[in-house]
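Take a look at the structure set out below.
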Amino acid sequence: MSDQKKLADLQMDTLAVRAGTMRTEFNEHSEAMFLTSSFVYENSQIAADRFANAQNGYIYSRFTNPSVTMFQNRLAALEGAPACIATASGMAAIFALSLTVLKAGDHIICSRSVFGSTIQMFSNILSKFDISTTYVDLSKVNEFQSAMLPNTKMVYIESPSNPLTEIADIHAISLICKASGALLVVDNCFCTPVLQKPLELGADVIIHSATKFLDGQGRVLGGAILGSEELITKIFAFNRVTGPTLSAFNAWVLLKGLETLSLRVDKQSDQAFELASWLESLNMVERVYHPQLPSHPQHALAMRQQRKGGAIVSFVVKGGRENAWKVIDATQLCSITANLGDTRTTITHPATTTHGRMPEADREKAGIVEGLIRISVGLENVTDLKNDLQRGFDLI
Ligand SMILES: Cc1ncc(COP(=O)(O)O)c(C=O)c1O
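Each residue of the sequence shown is one higher than the one before, starting from 0 at the first, in numbering that gives the first Met the number 0.
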C-alpha cells in the first residue's frame, strides 16, 4: 500500500477529499472498504513480529483496519490534530477518553449544557469509580476557575451548546486548564473543523460524534478522539482490549462524508442564518437563538472563534407547547426527529424529547421552555423551508 502524498499546507477543502488516502497494489482511485476481521501473515516470524509490535502492520480489526486508519488520518488533517482514534459512536469516544485519562479520586469540571448522555455518564457511571463532577455555566469563565480543584484532571465542554447555542470562551478556559494541569476537552460536533478549530484555540482534546455532521447524511454511528500522539497511543491501548472500535464499513461511509463536509456545513450554516434572521422578524416568535445573529448575547465571541454560526437554530414560539407542537406538526418537509447534522432539515421539541427527563423547574431555568423549537438546517432550498414553517405559523 502506498503512502499518501505530502498534504501539508493544503486548504480544508483539499484535505477533505485527499488526506488520509492509501492505495493497494490495485491502484484503486476511490478508497477501498476493508471488510475483514483479521489479516494474514506470510510466515510465523512476521506474525510474531506484528504481535510484538516489532513490525508495523495490520493484525485484527478490533485494533486497526485500513478503512478506519484512512478516516482517522483524514479527520486529523482537518482538525489540525497530531493524532486521531475512531470509535463506534460519540459516546464510546467520551467513555474511552475518560477511562484512559481518569482514575479513582479524580475530578471533572463539565459544562451544564453538554449532551444529556454525557452528563449521565459522568454522574451515574464514572461516579461509581469515585470520579466526581462539578457542573458549571458554559458562558461564565469564572465558574471554571472557581470549580478547579487540585484533583481536577479533565474539563469538558461543548460549544455552541445544544439547543440554545451558548458559547464557551475556549481560549480563556484553556488558560485556566493549563495553569492547573487539567486537560481541556471540546466536543466539536456542532461546528466541525469547518467552522471551529478547538486545538488552535488552546484545547487539548477534541471529541466528535461522527454520527452528526461528519457523516452528514444520517446513515451511520461513529465517534472520534483527537489529540497528542501520546494521548491517542494510550487510548489505542485501552480500545485494543476493551473493543469500542469503529467498524470498517462505517469508517468508509464517514470517509466519504468528510469529502463533502465543508460544502455541506458552509451551506447549512448560511441557510440557518437566513432562516434565523427571518424567524426574528416574525411576530409570533418570541426569541431566536443563532450565534451569527447580532442579537445573540455572545455574538462577538462566537464570531471570533467560529467562522460562521452553524446549522442549528432554536426559537421560542409565543403560546408555549400548544403552538410549538402546531408549528412542528404542520411541517411537511422538515423531519420530526431528534437527530441533527443531516442534509435533511430536522425539527425537534426539546422540552418533551431530548430534555424531557430533566425536572421541569431545572428545564425552564435552563431556558428549555415549552415554546422552544430546535431546527438543524439541511440542504433543502431555504425558501421551501420558510414556507414549510409558515404553514404552522398560519395556524396560530
Ligand atoms: C454534542 C453531542 N456529543 C455527543 C453525542 C453522542 O454521540 P453518539 O450518538 O454518536 O454516541 C451527541 C449525540 O447526539 C451529541 O449531540
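Glycine residues also receive a C-beta, built at the ideal position from the N, C-alpha and C atoms.
**OP:** Give me the Cα-Cα distance between R239 and K233, rounded to the nearest whole angstrom.
**Re:** 10 Å
Original post:
I175 by DSSP, collapsed to three states: which one?
Top reply: helix
**OP:** Check whether the Cβ of C83 sits closer than 6 Å to any heavy atom of ligand 1, and report yes or no.
**Re:** no
Original post:
How do the region 344–360 and the region 294–308 stand: do at least 3 beta-carbon pairs fall below 8 Å, yes or no?
Top reply: no
**OP:** Would you mind giving the Cβ-Cβ distance between F272 and Q291, rounded to the nearest angstrom? I have them listed as a contact below 8 Å.
**Re:** 5 Å
Original post:
Roughly how many whole angstroms lie between the Cα atoms of Q331 and F50?
Top reply: 56 Å
Original post:
Quick one: complete alpha helix (DSSP H) runs, 4+ long, within the region 86–121?
Top reply: 89–100 and 115–119
Original post:
Thinking just about the alpha-carbon of each residue, which of C83, K385 and F212 is nearest to the one in L253?
Top reply: F212
Subject >> CB of G226 within 7 Å of CB of V204, strictly >> reply: yes
Subject >> 8 Å Cβ shell around T345 - same chain, five flanking residues per side excluded >> reply: C333, S334, I335, T336, A337, N338, L339, I374, S375 and G377
Subject >> Burial state of H354, where buried means 16 or more other Cβ atoms lie within 10 Å >> reply: buried
**OP:** Report yes if the CB atom of S268 is closer than 7 Å to the CB atom of G309, and no otherwise.
**Re:** yes
**OP:** Please state whether DSSP places K317 in a helix, a strand or coil.
**Re:** coil
**OP:** Identify, in the order they occur along the chain, each residue of the same chain with its Cβ nearer than 7 Å to the Cβ of L148, setting aside the five sequence neighbours on each side.
**Re:** H106
**OP:** Could you pull the start and end residues of the alpha helix (DSSP H) that M302 belongs to?
**Re:** H298 to Q304
**OP:** Buried or exposed for A178, please, with buried defined as at least 16 other CB atoms from any protein chain shown within 10 angstroms of its CB.
**Re:** exposed
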